[in-house]
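Asks:
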Amino acid sequence: MHGRPRKAPKPEEEAASVAKAQKLRALQTQFFSFHHNKIYTKEAVELSAKLLEINPESYTAWNYRKLAVEHYLSQPDCNPDWIKSVLDDELRVVENALRQNFKSYGAWHHRKWVISKGHSSIDNELRLLDKFQKADSRNFHAWNYRRFVAESMKKSEQDELKYTEDMIYKNFSNYSAWHNRSVLLSALFEKKAEGFLSKEKVLPEEYEFIHQAIFTDPDDQSGWFYHLWLLDQTVTTDSPLLASSWPGHGYDVFLVEDRCYNGSAFSPFTALHSDSGSFPIVLYFNQPVGGVSSSTVTVECGFNKNEDLLWKPLSASNSQTARVWVAHLKIPSSDLLSTVEVSAGHSKGIISTRGFEYSHPSMFSFKVHVQPMERDFSQVSVAESISLREENFKIYGSQSEESIINSFNQLSIKNGHESTASNWRSEALAKEIECFRELLSLMDCKIGKLTLARLLMAYDVMSYPFANKLVHSEEVLELCSDLMKLDPTHYQYYKDEHSMVLLQKVTSSKESLLQHCFQYKDSVSSAICGPICLRLNNLSLSRMGAFEKLLWVQMLDLSHNELQSIEGLEAMQLLSCLSLRNNKLRSLTALEPLRKLKLLRVLDISYNQIGDHSIDTTRYLCSSPLSHSVGSESNKDETVTSDVALIDNWEAFYIFKDFNLNQLEIVGNTIADEKFKSVLVKIMPKLKQLDGKLLG
Amino acid sequence: MESFRSLTVTQRDQILVEQQVFDIFKTFYNLPPSSQSFMLELQRENHVEYLTKGLTGLGPSFCVLDANRPWICYWILHSIALLDEFVDPELENNTIDFLSRCQGPNGGYAGGPGQMPHLATTYAAVNSLVTLGGDKALSSINREKLYMFLRQMKDASGGFRMHDGGEIDVRACYTAISVASLLNILDDELVQNVGNYILSCQTYEGGISGEPGSEAHGGYTFCGLATMILINEVDRLDLSSLTDWVVFRQGVEGGFQGRTNKLVDGCYSFWQGGIFALLKRLNSTKEVKPIPLGDGEGSGEESPQTTTSSDAAGEEGLNGDLSLGGSHSEIGDQHNTSSQDNVIDIDHNHSKGHANVEPLFNSLALQQYILLCSQELNGGLRDKPGKSRDHYHTCYCLSGLSVCQRSWLEDEDSPPLPRAVLGPYSNLLEPIHPLYNVVLDRYREAYEFFTKS
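In the order they appear, the protein sequences are chains A and B.
Counting from 1, position 275 in the first sequence corresponds to residue 275 in the UniProt record's numbering; the numbering is continuous, with no gaps.
Counting from 1, position 92 in the second sequence corresponds to residue 92 in the UniProt record's numbering; the numbering is continuous, with no gaps.
Quick look at the structure:
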């Protein structure tokens with residue numbers, strides 16, 4: 001069978017095995033007759049043992065033996081000694097079978113069954129395991145059984161931890177042992193066992209231990225994977241936290257029903273045009289959570305009753321967990337000033353995907369000012385188009401800098417109580433950083449560089465809220481660039497990391513962020529103070545990130561980058577104008593995140609690669625054609641079935657039907673021929689302008 | 001550091017395998033082009049001969065597989081189908097009759113006549129019958145009883161048991177769901193909580209283990225991922241860490257290992273390679289990228305490697321007991337709904353350069369490993385040089401090869417470009433449905449048959 005050595009048989013061996021096969025056939029016939037007639041005599045049971053010794057995979061025979069054991073144990077004259085001897089027999093048969101094939105599922109399973117009856121000694125089991133684990137230290141059946149025995153026979157995790165240590169000293173490449181270590185430590189942390197109350201003491205020792213393996217041979221992969229686990233343990237706080245929100249604490253939000261507001265009175269950062277009668281409240285958590293609802297998050301304000309607020313997760317999938325949650329608060333009809341208080345986590349129910357409760361209740365409040373529509377301008381605003389040309393942007397001067405200072409500082413929610421608890425984490429990371437710098441000074445090692453980059457990023461993220469700057473971003477960017485050259489097969493991966501770090505850097509201070517803020521004002525606009533546009537163009541970004549700091553953005557210029565994906569952009573609920581011109585988007589389905597942006601009115605996806613590739617790799621996620629539920633799900637609107645062109649453009653329909661666009665630029669994509677454009681116009685009847693042309 | 005100074009057993013074994021493999025590659029590169037192309041040729045006739053012989057009679061050394069007889073049928077029939085060959089009508093009839101005798105009175109298929117029904121052999125039997133195709137084969141499956149059997153195997157926890165009183169693991173979930181899906185008897189009762197069980201098996205490495213607490217493993221990762229796709233809950237998995245995990249499993253030899261730091265093995269060409277075929281269909285808006293930690297996708301000369309490997313003699317594929325499966329995806333049909341406007345000259349991609357129809361693994365390196373290191377010239381394929389051929393490895397090496405040859409394509413209905421197929425173009429195998437691992441045409445026939453009935 002698989003994985004066991006095979007040799008060409010010699011003639012005499014062949015003869016022997018023919019005889020063996022005949023013997024087996026005879027045994028089998030007899031066995032089936034015993035089994036089917038429920039005969040459990042000593043002779044019959046012994047025969048099944050013989051069969052199993054030859055073929056341990058004969059699961060029918062294992063089940064027969066279970067029935068036989070039950071039969072014996074139900075006898076009226078059954079006493080403890082008798083039970084023990086029956087069960088010992090079983091263990092003996094299993095052991096013989098395992099000698100023949102130690103990867104037999106049936107044999108290991110039978111042993112578990114026998115053990116679960118009690119009456120067996122743990123020492124015996126450990127002796128047996130030692131024997132098998134010596135023969136094959138990676139056998140996962142044996143490791144599974146070991147975990148089973150340790151748990152059911154109450155062997156302490158500490159002892160088992162010692163065992164993995166011994167195994168690792170024998171062979172530090174034995175990843176199964178490292179893995180079991182991670183399982184045991186997780187259990188000990190969870191139990192808060194003595195000596196494992198906090199990770200603070202344990203993890204530094206683990207780092208020491210893993211260094212021995214990594215420094216001995218940096219090319220051995222086992223150690224690096226365990227290191228990755230340690231890093232995760234160090235960085236991840238168990239309970240989820242609220243990372244940021246929109247509106248932020250202390251915001252003055254101006255809701256303007258008319259797009260052409262004369263902005264001098266309002267901060268361009270916090271004035272929001274709304275024609276839908278509501279505005280979004282966005283919660284951004286540091287990890288995906290579930291259970292955000294009107295019972296776990298309370299919103300108190302003068303004009304709205306909390307209970308009709310519906311919180312929705314924002315994620316690409318349909319899952320009920322997400323990092324970002326949004327609810328839409330209705331705007332009161334009259335001119336009004338009102339304070340809104342949002343508190344999260346005062347009652348239980350927000351839970352991370354890893355099962356930890358949101359345990360740091362937090363509260364933020366903001367003011368809402370409503371500016372009613374000025375009728376005279378309404379016609380103008382409808383006809384107005386937005387053109388993201390260079391000449392329409394003015395550097396956003398210091399004129400009202402205080403507004404962004406205020407909003408910037410209010411972006412992140414501080415969790416003061418975390419700071420002291422986290423000291424050991426930063427210390428552990430600092431120590432690791434030093435250690436890997438040393439390793440890299442001795443040799444050039446790409447995994448070492450990658451690990452160092454990860455450590456530095458983790459360190460920066462952890463200390464950021466207090467230090468308010470990213471100390472190492474330059475170094476990380478350099479490491480990423482290095483790795484792109486060193487390891488071209490994974491170029492794209494490093495490029496993505498590079499993009500993420502760059503974005504973190506840009507958004508890390510108000511000075512750097514202000515350099516990217518421009519005031520939009522075109523020649524025909526009647527507004528005196530135009531909206532603020534965040535321009536992250538020409539940065540050769542391959543991926544978008546740092547969303548938690550960008551929730552306020554309404555106008556975003558990502559043109560002239562190398563974006564293939566805009567995953568995560570759904571978090572930017574206020575976006576009304578977005579340019580993705582000159583990127584590398586390859587399919588319509590790559591636009592999926594935009595479906596969740598209800599305020600988006602102007603979109604520029606011109607000069608991408610949509611339609612260049614005959615086959616769209618991203619297609620399959622749309623209503624999952626691979627799923628068994630396909631067919632029951634009915635996307636087929638009447639509009640589709642009645643119009644052949646729409647059936648042919650199923651994806652376009654799926655993506656664009658939820659859009660609420662006034663203006664779309666799609667020129668410069670293979671897909672965008674006249675026929676396709678006419679389809680778009682059908683799908684989006686509200687569209688007013690397509691590729692610069694006004695639609696009738 | 002004292003204690004770790006010398007090479008570990010794992011590292012020594014790995015070095016030995018590498019030497020063997022690199023010797024083969026070196027010999028190959030020093031050959032004149034004509035001999036090179038001979039070495040890269042898939043020995044179709046010899047493989048068919050080896051396989052057909054296995055179907056008519058097996059030597060006595062096969063008695064350890066006595067509880068796995070439908071598996072032998074599946075490995076052989078599927079391999080033959082991949083090679084686009086047929087078995088003769090009498091043999092076909094005998095096979096159908098034999099499998100009918102394995103079918104239990106209360107549904108499901110056993111490892112052999114008289115044994116109890118078992119999920120893995122049920123999977124193998126159903127896939128065999130689908131691979132044979134035709135009314136006789138397909139109608140021999142008692143779907144009502146089989147459904148009852150699946151319900152009996154369902155555990156309260158959501159997982160499935162392999163057989164009455166048997167073990168619960170990811171294999172069992174996969175084989176149950178795959179069979180139900182293929183036979184069009186999948187319903188909410190069967191699906192309920194299966195996703196929770198699979199989720200509990202995804203480890204921090206990103207891959208999926210056989211049971212909770214165990215380490216990630218190629219075969220189980222395939223099974224878990226395919227199951228989640230079949231029950232439409234794949235979004236619940238951490239797909240990006242799963243991708244990170246699986247891209248690491250390709251070593252400098254070109255082939256895949258099954259777990260961290262184990263030796264390369266030809267059968268993972270499918271278990272791991274098939275994962276890429278599934279991921280390719282899922283990659284939504286996100287481009288899933290390999291995390292480079294170690295070996296990544298090396299092809300021979302490149303990079304000092306990190307794959308060291310296994311300790312003792314044994315690797316485990318999920319021998320005999322699991323295999324893989326498919327879904328109700330009308331992969332083919334869906335293509336018709338795609339935008340006509342998208343259909344453009346495929347050479348266009350070429351001019352765009354790196355236009356990213358590229359697979360996430362090194363497909364040519366894997367094909368090279370399969371053809372040069374796993375193939376026995378006189379028929380049959382194997383784990384690695386120095387091991388002997390068997391039907392299991394033949395089946396999964398060929399399945400992996402088929403996946404590889406189409407790894408640039410999304411559309412199984414169009415033939416791949418010659419440069420995607422290593423060796424002569426005649427090496428091209430039939431396309432498979434990656435969720436079930438049956439040849440695509442046969443899947444379609446079965447799909448139609450079971451949709452109607």
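Virtual Cβ for every residue (Gly too), placed ideally from N, Cα, C.
Does the distance from the CB of B:I208 to the CB of B:L190 come in under 9 Å?
Replies: Contact flag unset, no.
Asks: Run through DSSP, which three-state label would A:A21 get?
Replies: Helix at A:A21.
Asks: Can you name the residues that DSSP bridges to A:D604?
Replies: A:S579 and A:E665, per the DSSP bridge assignment.
Asks: Under 9 Å between the Cβ atoms of B:N378 and B:Q11?
Replies: Cβ distance not < 9 Å, so B:N378 and B:Q11 don't count as in contact.
Asks: Run through chain B and tell me which residues come within less than 7 Å of A:I54, C-beta to C-beta.
Replies: The contacting residues are C63.
Asks: B:Q11 touches chain A at which residues, Cβ-Cβ below 8 Å?
Replies: Per Cβ cutoff of 8 Å: S173, D217 and D220.
Asks: Check whether the Cβ of A:D232 lies closer than 9 Å to any Cβ atom in chain B.
Replies: At least one chain B Cβ lies under 9 Å of A:D232.
Asks: Go through its chain and collect everything with a Cβ distance to A:M684's Cβ below 7 Å, but skip five positions before and after it.
Replies: F656, F659 and L661, listed in sequence order.
Asks: Which same chain residues, not among the five before or five after A:V681, have their C-beta less than 8 Å away from its C-beta?
Replies: Hits under 8 Å: L687, L690 and L695.
Asks: Whose Cβ in chain A lies nearer than 7 Å to the Cβ of B:T243?
Replies: Within 7 Å Cβ-Cβ: nothing; B:T243 doesn't reach chain A, min ~10 Å.
Asks: What first and last residue would you give for the beta strand (DSSP E) that runs through A:A322?
Replies: Per DSSP, A:A322 belongs to the beta strand (DSSP E) from A322 to K330.
Asks: For B:F62 and B:I76, what's the separation of their Cα atoms in angstroms?
Replies: Computed Cα separation, rounded: 14 Å.
Asks: I'd like to know whether the C-beta of A:Q100 is nearer than 9 Å to at least one C-beta of chain B.
Replies: Answer yes: the Cβ-Cβ gap between A:Q100 and chain B drops below 9 Å somewhere.
Asks: Kindly identify the DSSP beta-bridge partner or partners of B:Q257.
Replies: Paired residues: B:V264.
Asks: Compute the Euclidean distance between the alpha carbons of A:I447 and A:I433, then round it to the nearest angstrom.
Replies: Rounded to whole angstroms, A:I447 to A:I433 spans 14 Å at the Cα level.
Asks: Are there 16 or more other CB atoms within 10 angstroms of the CB of B:M162, so buried, or fewer, so exposed?
Replies: Classification of B:M162: buried, given that the 10 Å Cβ count is 16 or more.
Asks: Quick one: residues in its chain with C-beta nearer than 8 Å to the C-beta of A:E13, no 5 flanking neighbours on either side, listed in chain order?
Replies: Contacts found: none.
Asks: I'd like to check one pair, A:S579 with A:D612: are the Cβ atoms closer than 9 Å?
Replies: The answer is no: Cβ separation not under 9 Å.
Asks: Count the other C-beta atoms from every protein chain shown that fall within 10 angstroms of the C-beta of A:V183, then say buried if there are 16 or more, exposed otherwise.
Replies: Answer is buried; the Cβ neighbour count reaches 16.
Asks: Just how far apart, CA to CA, sit B:P434 and A:D252?
Replies: The straight-line gap from Cα to Cα measures roughly 55 Å.
Asks: With respect to the alpha helix (DSSP H) encompassing A:Y493, which residues constitute its N-terminal and C-terminal limits?
Replies: First-last of the alpha helix (DSSP H) with A:Y493: Y491 to V506.
Asks: Going along the chain, which residues of its own chain have a beta-carbon closer than 7 Å to the beta-carbon of A:L575, five neighbours each way excluded?
Replies: Counting only Cβ-Cβ distances below 7 Å, and skipping sequence neighbours, we find V553, Q554, L556, L597, L599 and L600.
Asks: Distance, Cα to Cα, A:C480 vs A:T489?
Replies: Whole-angstrom Cα-Cα distance: 14 Å.
Asks: Using the beta-carbon of each residue, which ones in chain A are nearer than 8 Å to B:R419?
Replies: Chain A residues near B:R419: none, gap ~17 Å exceeds 8 Å.
Asks: Which residues, taken in chain order from the stretch 100-116 of chain B, show a beta carbon closer than 8 Å to some beta carbon of chain A?
Replies: Those would be A110, G111, G114, Q115 and M116, in chain order.
Asks: Taking C-alpha atoms, which residue in B:I141, B:Y197, B:G104 and B:F256 lies nearest to B:D155?
Replies: Nearest of B:I141, B:Y197, B:G104 and B:F256 to B:D155, Cα basis: B:Y197.
Asks: Would you say B:K26 reaches chain A, if we count a Cβ-Cβ gap shorter than 9 Å as a contact?
Replies: Cβ-Cβ to chain A under 9 Å: no for B:K26.
Asks: Roughly how many angstroms lie between the CA atoms of A:N63 and B:P431, to the nearest whole one?
Replies: Cα-Cα distance, rounded: 39 Å.
Asks: How would you list, in chain order, the residues of chain A whose beta-carbon sits under 8 Å from the beta-carbon of B:D66?
Replies: The contacting residues are L24, Q28, N55, E57 and S58.
Asks: Are the C-beta atoms of A:D130 and some chain B residue less than 9 Å apart?
Replies: False, the Cβ-Cβ gap to chain B never drops below 9 Å.
Asks: Can you find a C-beta in chain A that's less than 9 Å from the C-beta of B:S407?
Replies: Cβ-Cβ to chain A under 9 Å: no for B:S407.
Asks: What does A:N582 touch in chain B if you count any residue whose Cβ is under 8 Å from its own?
Replies: Neighbours of A:N582 on chain B: none; closest Cβ ~15 Å, over 8 Å.
Asks: For residue 454 of chain B, list the residues DSSP reports as bridge partners.
Replies: Because chain B here runs from 1 to 453, residue 454 of chain B falls outside it and cannot be looked at.
Asks: With 9 Å as the C-beta to C-beta threshold (strictly closer), list the residues of the stretch 250-276 of chain B near chain A in chain order.
Replies: The stretch 250-276 of chain B vs chain A, Cβ under 9 Å: R259, T260, N261, K262, D265 and C267.
Asks: Check whether the Cβ atoms of A:K312 and A:V326 lie closer than 9 Å to each other.
Replies: Yes.
Asks: Whole angstroms are fine: how far does the CA of A:K170 sit from the CA of A:V471?
Replies: Going from the Cα of A:V471 to the Cα of A:K170 covers about 41 Å.
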